[in-house]
Amino acid sequence: MSKAKIKRSTLGRLMPELTSLTKRGPSGWMVILGIIIVSALVIMTVIAHWIAPHDPIEIGVGPIRAPPSSQFPMGTNHLGQDVLSRILCGGSVMLQVSILSVLVCFVVGVPLGLFSSYVGGLFDRACSLVIDAIYAFPGLVIAIAIFAMLGPGVVNMALSIAVVYIPSYFRVVRSQVLSIKELTYVEAARGIGARWHTILFRYVFPNVIPSIVVIATINFADAVLTAAGLTFIGLGVSVDIPDWGWDLKYGRELLSSGAWWVITFPGLMIILLALGFTLIGEGLSEVLNPKLQR
Amino acid sequence: MPLLELDSVTVDYRTSRGTIRAVEDVSFSLEKGKTLGLAGESGSGKSTLGLSLMRLVPYPGVIVNGHIRINQTDVTELPEPRMRSVRGGKVAYIFQDPMTSLNPVKRISAHFLELIRTHEPNTSKEEALERAKTMLRDLGILPERINDYPHQFSGGMRQRIMIGLAIVLNPDLVIADEPTTALDVIVQAKILDLLENLRKIYGMALIIISHDLSIILERCDKIIVMYAGHMFEYASSLELHRNPRHPYTQGLLQSIPNIELVDQKLAAIPGSPPNMLNPPTGCRFWPRCSYVMEICRTKEPPLIDTGHNHLVRCFRYHEG
Amino acid sequence: MGLRSYIITRILLTIPTLLLLLSMVFLVMRVLPGDPVELHFEKKATPEQMEAMRRALGLDKPLWAQYTDYLWGLVDVGYLLEHGYPNLGKSMQTFEEVGGQIFSAFPATLELAIYSMLIASIIGILLGVTSSKSYNSFLDHLIRGFGTVTYAVPIFVLGMIFQLIFGVYLRWLPTGLRLDPAVNPPPTITGLYTIDSLIAANPVKFFEASKALLLPSLTLGLILSGMFIRMTRTNMLETLRLDFVTAAKARGLKESTVTYGYALRNAFLPILTMMGLQFAILLGGAILTETTFSWPGLGRYTVDRITFRDYTAIQGAVVMFGLFVTLVSLIVDILYAYFDPRIRL
Numbered sequence: 001m002s003k004a005k006i007k008r009s010t011l012g013r014l015m016p017e018l019t020s021l022t023k024r025g026p027s028g029w030m031v032i033l034g035i036i037i038v039s040a041l042v043i044m045t046v047i048a049h050w051i052a053p054h055d056p057i058e059i060g061v062g063p064i065r066a067p068p069s070s071q072f073p074m075g076t077n078h079l080g081q082d083v084l085s086r087i088l089c090g091g092s093v094m095l096q097v098s099i100l101s102v103l104v105c106f107v108v109g110v111p112l113g114l115f116s117s118y119v120g121g122l123f124d125r126a127c128s129l130v131i132d133a134i135y136a137f138p139g140l141v142i143a144i145a146i147f148a149m150l151g152p153g154v155v156n157m158a159l160s161i162a163v164v165y166i167p168s169y170f171r172v173v174r175s176q177v178l179s180i181k182e183l184t185y186v187e188a189a190r191g192i193g194a195r196w197h198t199i200l201f202r203y204v205f206p207n208v209i210p211s212i213v214v215i216a217t218i219n220f221a222d223a224v225l226t227a228a229g230l231t232f233i234g235l236g237v238s239v240d241i242p243d244w245g246w247d248l249k250y251g252r253e254l255l256s257s258g259a260w261w262v263i264t265f266p267g268l269m270i271i272l273l274a275l276g277f278t279l280i281g282e283g284l285s286e287v288l289n290p291k292l293q294r
Numbered sequence: 295m296p297l298l299e300l301d302s303v304t305v306d307y308r309t310s311r312g313t314i315r316a317v318e319d320v321s322f323s324l325e326k327g328k329t330l331g332l333a334g335e336s337g338s339g340k341s342t343l344g345l346s347l348m349r350l351v352p353y354p355g356v357i358v359n360g361h362i363r364i365n366q367t368d369v370t371e372l373p374e375p376r377m378r379s380v381r382g383g384k385v386a387y388i389f390q391d392p393m394t395s396l397n398p399v400k401r402i403s404a405h406f407l408e409l410i411r412t413h414e415p416n417t418s419k420e421e422a423l424e425r426a427k428t429m430l431r432d433l434g435i436l437p438e439r440i441n442d443y444p445h446q447f448s449g450g451m452r453q454r455i456m457i458g459l460a461i462v463l464n465p466d467l468v469i470a471d472e473p474t475t476a477l478d479v480i481v482q483a484k485i486l487d488l489l490e491n492l493r494k495i496y497g498m499a500l501i502i503i504s505h506d507l508s509i510i511l512e513r514c515d516k517i518i519v520m521y522a523g524h525m526f527e528y529a530s531s532l533e534l535h536r537n538p539r540h541p542y543t544q545g546l547l548q549s550i551p552n553i554e555l556v557d558q559k560l561a562a563i564p565g566s567p568p569n570m571l572n573p574p575t576g577c578r579f580w581p582r583c584s585y586v587m588e589i590c591r592t593k594e595p596p597l598i599d600t601g602h603n604h605l606v607r608c609f610r611y612h613e614g
Numbered sequence: 615m616g617l618r619s620y621i622i623t624r625i626l627l628t629i630p631t632l633l634l635l636l637s638m639v640f641l642v643m644r645v646l647p648g649d650p651v652e653l654h655f656e657k658k659a660t661p662e663q664m665e666a667m668r669r670a671l672g673l674d675k676p677l678w679a680q681y682t683d684y685l686w687g688l689v690d691v692g693y694l695l696e697h698g699y700p701n702l703g704k705s706m707q708t709f710e711e712v713g714g715q716i717f718s719a720f721p722a723t724l725e726l727a728i729y730s731m732l733i734a735s736i737i738g739i740l741l742g743v744t745s746s747k748s749y750n751s752f753l754d755h756l757i758r759g760f761g762t763v764t765y766a767v768p769i770f771v772l773g774m775i776f777q778l779i780f781g782v783y784l785r786w787l788p789t790g791l792r793l794d795p796a797v798n799p800p801p802t803i804t805g806l807y808t809i810d811s812l813i814a815a816n817p818v819k820f821f822e823a824s825k826a827l828l829l830p831s832l833t834l835g836l837i838l839s840g841m842f843i844r845m846t847r848t849n850m851l852e853t854l855r856l857d858f859v860t861a862a863k864a865r866g867l868k869e870s871t872v873t874y875g876y877a878l879r880n881a882f883l884p885i886l887t888m889m890g891l892q893f894a895i896l897l898g899g900a901i902l903t904e905t906t907f908s909w910p911g912l913g914r915y916t917v918d919r920i921t922f923r924d925y926t927a928i929q930g931a932v933v934m935f936g937l938f939v940t941l942v943s944l945i946v947d948i949l950y951a952y953f954d955p956r957i958r959l
């Protein structure tokens with residue numbers, strides 16, 4: 001069977017799952033809600049520059065630190081920039097970084113996990129040791145260390161975040177593979193002389209997919225939060241690009257003057273984006289692996 | 295006056311996929327010091343019935359109808375605090391799997407001390423410990439092991455500890471749920487003998503729940519045969535053995551292998567128990583019954599008294 | 615095996631893990647991406663200036679020598695006794711001993727971490743138990759919703775909102791600093807202001823220290839509690855269905871005994887492990903919390919060092935984080951063995 005046919009059958013197994021989400025009770029609705037939120041934010045970011053009332057990086061569009069009004073529905077910041085426009089455009093860096101980092105995690109973590117656990121032996125133990133060491137380390141610290149050394153940039157930020165979360169993929173894939181590896185039908189496949197890569201991709205991999213999907217969505221949420229965190233402490237991408245994280249960082253200075261709008265709106269957006277992904281992840285996790293069902 | 299009286303007890307499980315009627319319209323009584331056997335396949339509702347006597351049916355189970363009376367007291371709607379003093383004190387339950395019925399992080403001494411001092415708060419720690427050690431001795435376990443943890447005992451010993459915990463407060467009634475299923479055959483016999491001896495010494499009534507009809511026939515005064523939540527037959531064990539009336543009971547008896555027969559073929563009842571979310575209309579056994587009649591498919595048979603206190607739920611015994 | 619031999623074995627096992635950790639930090643900070651000195655100066659210095667710095671910091675030696683110096687610095691007992699802290703190199707910015715800077719910043723983080731963990735676990739466990747006992751009810755869904763939302767809220771956003779409400783609008787609590795500038799810290803015994811002020815029997819200082827601690831630890835604790843709620847709930851739900859719990863109810867034991875003595879005590883062990891894992895997340899969160907509240911701890915130290923491109927100091931801080939996490943992990947494993955007799959017997 002060609003690889004194209006495998007992909008279709010995997011997708012074919014997922015599609016009816018997705019369409020039947022509404023019948024799965026509250027978890028199904030969680031997933032749908034999450035997808036709506038994320039899609040809305042993505043669309044907003046994509047069309048942002050067309051619908052923004054003002055240029056988000058233009059200084060002095062309005063008075064400095066003005067509270068929300070009819071002219072500036074979300075107020076202005078310390079540079080006189082329109083907060084609303086910055087909100088509309090501010091998600092692009094975060095989305096780019098999170099998509100990229102999830103991709104890297106996936107491309108590195110999943111094959112590594114598959115290969116390592118299937119092969120076993122010393123290689124597996126060595127990999128697991130290193131992965132566990134990374135996993136135990138505070139995520140933000142790793143990201144800071146790597147990003148500080150690499151320098152600013154979307155790709156660099158994505159890489160730093162990816163390193164933090166690759167262990168999650170590795171571990172989940174590995175534990176799944178280890179349990180599937182010993183199942184009878186895999187032994188049967190080996191018995192009829194299937195080559196190792198056939199077994200890995202045709203038998204083992206399709207069963208691992210549900211867990212990977214869940215991990216990926218939660219990874220998205222984490223990536224968003226970590227990217228925001230990195231920007232907040234000063235390790236951002238670039239000052240010129242409107243970004244919710246930057247707004248929070250500079251908004252902090254204005255706190256004592258009571259300018260709540262400068263931080264509340266960017267904060268809300270980050271919460272929404274992270275929440276959207278979290279809802280998808282949690283809902284999917286219950287839908288695909290129903291626990292405690294009576 | 296009977297120790298235990300059940301009056302049309304019905305228990306439902308209200309699950310997200312639908313309501314399962316696990317026990318329907320069960321009535322019986324049990325005298326002091328006597329033994330009752332609840333026989334049936336898995337899913338027949340016998341365990342649920344046993345748990346309902348203690349009001350311990352797990353969520354989403356509910357006792358929807360009927361009354362349970364212990365020593366004249368109606369416990370069906372008894373408030374929780376009073377029910378708690380009944381549990382363990384007046385009625386005790388011995389669970390099926392000894393490997394999982396003890397708290398892994400508590401010593402055996404803690405199990406006993408907690409139990410004794412909850413029901414008899416004025417007992418000192420030393421007194422309670424003494425009683426526990428004596429109990430262990432009666433159970434055939436070295437009393438010095440009182441401070442060990444459950445995982446340090448074998449399955450058979452854990453089962454004995456469970457029995458000890460059930461009996462130590464001298465309850466009026468003990469319910470043993472599949473007391474032998476998790477054990478090997480030799481230990482099984484020992485456990486049943488132990489149960490019988492203790493019962494005679496302490497004078498308590500005993501309900502044995504089991505799918506093994508041979509055990510129940512041997513050890514019980516009265517027997518109830520359950521199927522898909524319904525009480526199919528209710529008689530003394532002697533009566534049941536001599537005159538099994540319900541086709542299901544007959545099938546069960548025939549399927550007990552006889553060690554003395556040389557070329558015995560194992561007889562089994564064809565088919566399998568019904569899906570409780572969607573049980574068959576009429577008599578729940580009709581798809582597997584060799585005597586099935588037209589009326590069996592549509593109407594549920596009532597309980598019919600065939601004399602000698604022998605009740606059967608089958609249309610074959612219905613006049614007219 | 616007995617508890618003592620388990621502890622010894624476990625400590626011995628930590629050493630290779632620690633070595634791996636330290637090597638990985640060295641790899642990232644010195645070997646992989648680029649030359650820390652170049653990055654520090656951002657190419658705005660003359661080669662002589664860069665060479666001078668390298669010599670002063672010992673960065674001109676071959677890599678393997680740097681590696682051995684680095685490892686030796688951590689176990690150099692002589693240095694430790696002389697300075698009171700291990701040798702973690704010198705700062706690129708001030709040429710001070712990084713070890714000293716870190717050790718003076720560390721107690722603030724420790725104090726924050728302890729109280730945040732306490733708040734997170736108490737809220738988390740209580741809500742998790744409540745949620746599991748009223749399975750599928752409105753309260754259950756509410757608590758679960760709370761847990762999900764707290765996961766999505768960035769710590770610094772919550773922190774700033776708290777500062778706005780309590781610091782700016784209501785003016786109840788200070789918005790930074792461990793103590794009001796007018797108050798002197800208590801005599802240092804543990805470095806934790808709350809404990810030290812209690813030891814010195816000084817209620818005023820204790821009150822001031824607690825006031826300053828309240829918002830940061832509440833912020834961090836609330837965000838962390840989400841995980842605890844979920845873990846406790848899941849474990850409790852599983853444990854509550856186990857036979858020995860029903861058996862305990864069947865013996866007529868009190869509700870609280872069954873919930874806490876039987877269910878929670880058994881469900882607790884995975885929660886304890888999780889507490890250990892959460893510590894790593896806690897430290898990450900501490901960095902953000904300290905930055906938000908200008909809390910003078912290790913987190914803020916690290917962030918400040920980033921601004922100055924002080925790579926040697928950053929390395930020292932990262933090592934410190936790693937050591938801390940490893941130590942906590944060790945303690946958690948030992949506690950686990952203590953609570954679960956099955957592990958050691």
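Protein chains in written order, with the working numbering: chain A, 1 to 294; chain B, 295 to 614; chain C, 615 to 959. Note that CB positions come from ideal geometry on N, CA and C, so glycine has one too. Please read all numbers here as calculations on a predicted model, not as lab measurements.
Excluding sequence positions up to five before and after leucine 886 of chain C, its CB lies within less than 8 Å of the CB of Val946, Leu949, Tyr950 and Phe953, all in the same chain and listed in chain order. In summary, glutamate 414 of chain B is exposed, with fewer than 16 beta-carbon neighbours lying within 10 Å of its beta-carbon over all protein chains present. Just so you know, the alpha carbons of methionine 348 of chain B and arginine 381 of chain B end up roughly 7 Å apart. Legend: CB atoms of the region 230-254 of chain A lying less than 7 Å from CB atoms of chain C belong to residues Phe232, Ile233, Gly234, Leu235, Leu248 and Arg252. When beta bridges are read from the DSSP output, valine 385 of chain B appears opposite B/Arg381 and B/Leu467. Each of A/Ala136, A/Val61 and A/Ala223 was checked against the Cα of leucine 273 of chain A, and the nearest Cα belongs to A/Ala223. Exclusion of the five residues before and after threonine 543 of chain B leaves Val519, Phe526, Glu527 and Leu534 as the residues of its chain whose Cβ lies within less than 8 Å of its Cβ. Put simply, of A/Ile35, A/Val119 and A/Met269 the residue whose alpha carbon is nearest the alpha carbon of alanine 228 of chain A is A/Met269. Measuring C-alpha to C-alpha distances from proline 354 of chain B to each of B/Ile314, B/Met451 and B/Leu547 identifies B/Ile314 as the nearest. Distances from the CA of asparagine 603 of chain B to each of B/Gln548, B/Pro574, B/Thr592 and B/Leu532 were compared; the closest alpha carbon is that of B/Leu532. By the C-beta density criterion, valine 46 of chain A is exposed, having fewer than 16 other C-beta atoms within 10 angstroms. Of all residues in the region 805-835 of chain C, none comes within less than 7 Å of chain A when Cβ atoms are compared. Closer than 8 Å to the CB of glycine 866 of chain C there is at least one CB belonging to chain B.
When DSSP reads this structure, arginine 315 of chain B sits in a beta bridge with B/Asp306. Cysteine 89 of chain A is positioned such that its CB atom lies closer than 8 Å to that of histidine 49 of chain A. By alpha-carbon distance to proline 152 of chain A, the top candidate from A/Asp240, A/Asp132 and A/Ala221 is A/Asp240. Taking a 10 Å sphere around the C-beta of threonine 723 of chain C, we find 16 or more other C-beta atoms and assign the residue as buried. Taking 8 Å as the upper bound on Cβ-Cβ separation, chain C lies near residues Ala148, Met149, Leu150 and Gly151 of the region 148-173 of chain A. Residue state for isoleucine 517 of chain B is assigned as strand, using DSSP reduced to three classes. If you draw a straight line from the Cα of phenylalanine 770 of chain C to the Cα of threonine 906 of chain C, it comes to about 6 Å. Glutamine 446 of chain B and glycine 113 of chain A have their C-alpha atoms spaced approximately 38 Å apart.
No Cβ of chain A is located within less than 8 Å of the beta carbon of proline 910 of chain C. Sixteen is the threshold: since fewer than 16 other Cβ atoms of the shown chains lie within 10 Å of the Cβ of valine 107 of chain A, the residue is exposed.
The alpha-carbon of aspartate 857 of chain C is positioned some 12 Å away from that of tyrosine 387 of chain B. Taking the CA atoms as reference points, arginine 919 of chain C sits about 14 Å from valine 651 of chain C. Looking at the DSSP output, lysine 658 of chain C shares a beta bridge with no other residue. Spanning the alpha carbons of glycine 337 of chain B and glutamate 438 of chain B requires a straight line of approximately 41 Å.
Straight across, the Cα-Cα distance linking leucine 235 of chain A with leucine 854 of chain C is about 46 Å. Taking CB atoms only, phenylalanine 770 of chain C has a neighbour in chain A less than 8 Å away. Beta-bridge partners of arginine 855 of chain C (DSSP): none assigned.
Counted as a single uninterrupted DSSP element, the alpha helix (DSSP H) harbouring asparagine 156 of chain A occupies residues 154-181.
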